[in-house]
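S.K.: In the numbering used here, the protein residues as written are 41 to 295.
Where a beta carbon is used, it is the ideal one built from N, C-alpha and C, also for glycine.
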Ligand code: CIR
């Protein structure tokens, strides 16, 4: 299991409620989003990470969801090509900061599109979601890059979900958290599965950071099921980001 030492986050900008969302919930409160983001950053620090905080950028309302802009390996950063044209400019600031930490930087190129939320790396295996956001060309490019680092890739067709990681999270070498809709995917056959009930689907997007599993607060069934498997759980309130389709993992890039 990878030990993480660093994370990149980007503060929410005051117009972050004005971009992409598919959920029909109330308009998020900027004030509460900033508070929740700050708690998230403190939690990453509690998990032992050095957190590189980028300033808010009003030009890109979705830019707090940094996970979509890169895929990070211990020795290589891969800059994605987000599907949404309104998000493509986000990669410039991310590229700049990653160039200070990684000697090798690769990029996904047109006609490929790839959102980081579609990539789940499980040690030396990667699962790449083919979604409305990530196309075959983007997935093929990523697979070729990962192969150079001895990481094999499997593609997973995902329908009716924003990203692959809206439905599945890797906890450790034998355990995943997964929604019912992806639980029977043959590529996940070998894993022990913590199944997420439909009403708690949003909580499927959780993340294991150095032995602490960050889970969205108030999703009791999922939290208890993860604890029951022996993991230490930290609950985080994500109410404002959920309104913009953002999952817990997408607020940071970790390596
Ligand atoms: C978007 O639709 O692109 C943003 N509103 C939310 C992105 C969330 N990304 C993620 O969960 N990896």
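#1: Residue range of the alpha helix (DSSP H) that residue 74 falls in?
#2: May I ask you to report which of helix, strand or coil DSSP gives residue 185?
#3: Under 6 Å Cβ to Cβ from residue 194, same chain only, skipping five residues before and after it: list those, please.
#4: Starting from residue 248, trace the beta strand (DSSP E) both ways and give me its first and last residue.
#5: Checking the sheet assignment: what are the DSSP bridge partners for residue 146?
#6: With DSSP collapsed to three states, give me the class of residue 177.
#7: Can residue 209 and residue 156 be called in contact, C-beta distance under 8 Å?
#8: Leaving out five residues before and five after residue 55 in sequence, what residues of the same chain have Cβ atoms less than 6 Å from its Cβ?
#9: From the DSSP output, in three-state form, read off residue 46 for me.
#10: Assign residue 207 to buried or exposed, taking buried as 16 or more other Cβ atoms, counted over all protein chains shown, within 10 Å of its Cβ.
#11: Which of helix, strand or coil does DSSP assign to residue 141?
M.R.: Here's the rundown:
#1: The count along the chain shown starts at 1 and reaches residue 74 at position 34. Counting along the chain, the alpha helix (DSSP H) containing residue 74 begins and ends at 70-86.
#2: Position 145 of the chain shown, counted from the first residue, corresponds to residue 185. Correct three-state label for residue 185: helix.
#3: On the chain shown, residue 194 is found 154 positions in, with the first residue counted as 1. Same-chain partners within the cutoff: 167 and 227.
#4: Here residue 248 is taken as the residue at index 208 of the chain shown, counted from 1. Looking at the DSSP string, the run of the beta strand (DSSP E) that includes residue 248 is 247-249.
#5: For the purposes of this step, residue 146 is taken as the residue at position 106 of the chain shown. For residue 146, which the question treats as bridged, DSSP gives the partners 118.
#6: The sequence position of residue 177 within the chain shown is 137, counting from 1. Residue 177 sits in a helix when the DSSP states are folded into three classes.
#7: Here residue 209 refers to the residue found at position 169 of the chain shown. Here residue 156 refers to the residue found at position 116 of the chain shown. Cβ distance not < 8 Å, so residue 209 and residue 156 don't count as in contact.
#8: For the purposes of this step, residue 55 is taken as the residue at position 15 of the chain shown. Contacts found: 98 and 101.
#9: Here residue 46 refers to the residue found at position 6 when the chain shown is read from its first residue. Shown here, residue 46 sits in a strand according to DSSP, grouped into three states.
#10: As a working note, residue 207 is residue 167 in the chain shown. By the neighbour-count rule (16 or more Cβ atoms within 10 Å), residue 207 is buried.
#11: The residue you call residue 141 lines up with position 101 of the chain shown. When DSSP states are grouped into helix, strand and coil, residue 141 belongs to the coil group.
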